[in-house]
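Remarks on the structure that follows.
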Amino acid sequence: MSTIKDVAKEANVSIATVSRVINKSPKASKASIESVTLAMKKLGYRPNAAARALVSQSTQTMGVLVGDVSDPFFGSMVKAIDTIACQKGKHLLIGNGYHSAKKEREVIELLINNRCESLVIHSKSLSSEELLSFAREAPGMVLINRFIPEISDRCIALDNHRGSYLATELLVKNGHKHIGYICSNHDIEDTHQRKAGYLQALQDNDLIASETYIEYGSPDEEGGERAMTNLLAKGLPITAIAAYNDHMAAGTLSVLEENNFTIPTDISIIGFDNSLISKYLNPKLTTVRYPIQMMAEKAACLALKLANNIEAKPDTTIFAPTLVKRSSVRNIT
């Protein structure tokens, strides 16, 4: 493998000149740039990224922590961040945390050790204290879908409680009094906030808010199937279901169809997130819009500014969910 010394010898220049060309120094002459570029091409030499970062104090890399990049939700998030990164000439380094404190910690440490100046972090398992410690170490770190009061101006989050409240309230307004809830079994703030929003909407409308009407599963189609199967086994007079997310709603819909329920004639369903799947279910799923693309763009822009020591405060830190009315909810009044 060729070295910088080999390039200098081939181009008949000094090692310092090669270094200036590699690091795009304004002191490099046009002739030097041409000769060094030709020499590198001939020898197949690629500059060491870590070494260049030490000289330029920049890796031109933005770090991103997601739960699981195979999840369409995180795919949308990463795409939005990448759009902003590309506009600024940055590349992404992405790690999966899988909602594990150990994995999330390892990814954040990896991103910082790889000299990512700006970071967009989706962490659900690390404590607020540990995230605050990382934030002190990395000035360009922004949290998405997480709110910590001490660094509120570096957090971009959604009002999950409000979103679930809106979803349940819509069912109530359509005449439903016996409303079940398909809940995630992940012990994260999203789960607790959305469940609390469901219960609060029932209480505010003088309806039964009982744990009997709630079943749990993994936040995917399979979890939704399992939770709905258990809920049906209780024989409750349910006329509507609010689900933790659209994927659990899809699993719920599948189980109901297998048991000869017609949606929404027999049971209405509402999801959460407005993910791609919601538009292609039959019937099309009424849900709650989660503006993840907008939030991710805001988080990326903020992280880039903070990494460049530009004082910045987002105009919005807590985003508001909105309803998306489709065909899976029926008025029974």
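Per full-length UniProt numbering: the sequence shown = residues 1 to 333. No residue lacks a Cβ here, since even glycine has one placed at the ideal position from N, Cα and C. None of these values were measured; they are calculated from a predicted model.
Secondary structure remark: continuous beta strand (DSSP E) runs of at least 3 residues inside the segment 116-140, in chain order: 118-121.
The beta-bridge partner set that DSSP reports for D273 consists of R289.
Counting the other CB atoms within 10 Å of its CB gives E258 a total below 16, which places it among the exposed residues. With a 10 Å radius around the Cβ and a threshold of 16 neighbouring Cβ atoms, Y280 comes out exposed. The segment 151-158 makes contact with the segment 306-318: 3 or more CB pairs, one atom from each, lie closer than 8 angstroms.
Exposed is the label assigned to H91, since fewer than 16 other Cβ atoms lie within 10 Å of its Cβ. Here the alpha carbon of A233 sits roughly 10 angstroms from the alpha carbon of A227.
With respect to S118, H99 sits apart: the two C-beta atoms are not nearer than 7 angstroms. In the three-state reduction of the DSSP assignment, V142 falls in the strand class.
DSSP places H91 inside the beta strand (DSSP E), whose first and last residues are 91-96. Cβ neighbours of Y198 within its own chain (closer than 6 angstroms, five residues either side excluded): S164, T168, Y181, A242.
If you draw a straight line from the Cα of V21 to the Cα of L38, it comes to about 12 angstroms. With a minimum length of 3 residues, the unbroken runs of beta strand (DSSP E) contained wholly in the segment 185-264 fall at 214-217, 240-243.
Contact annotation: the segment 127-142 touches the segment 296-308, with at least three C-beta pairs closer than 8 angstroms. Taking every protein chain shown into account, the CB of G271 has 16 or more other CB atoms within 10 angstroms, so this residue is buried. When the five nearest sequence neighbours on each side are left out, the beta carbons in the same chain lying within less than 8 angstroms of the beta carbon of N174 are those of A240, S268, V329, R330, N331, I332, T333, in order along the chain. Under the 10 Å beta carbon count, Q87 is surrounded by fewer than 16 other beta carbons and is classified as exposed.
In this chain, the alpha helix (DSSP H) harbouring A80 covers 72-87. Assignment of Y181 by DSSP, reduced to helix, strand and coil, places it in the strand class. Here S152 is not bridged, per DSSP, to any residue.
Looking at G223, V255, F147, D273, the one whose alpha-carbon comes closest to that of N245 is D273.
As the crow flies, the alpha-carbon of S218 is around 13 angstroms from that of N230. Relative to the Cα of R194, the nearest Cα in the group L202, C183, D204 belongs to C183. As computed with DSSP, I318 is found in a beta bridge with A157.
Counting along the chain, L65 sits inside the beta strand (DSSP E) bounded by residues 61-66. The alpha-carbon of P237 is positioned some 14 angstroms away from that of L256.
Note on geometry: alpha-carbon atoms of S254 and F147 lie some 34 angstroms from one another. Residue pairing by DSSP puts S268 in a beta bridge opposite A240. Closest in C-alpha terms to M248, from the list E221, P264, T265, comes E221.
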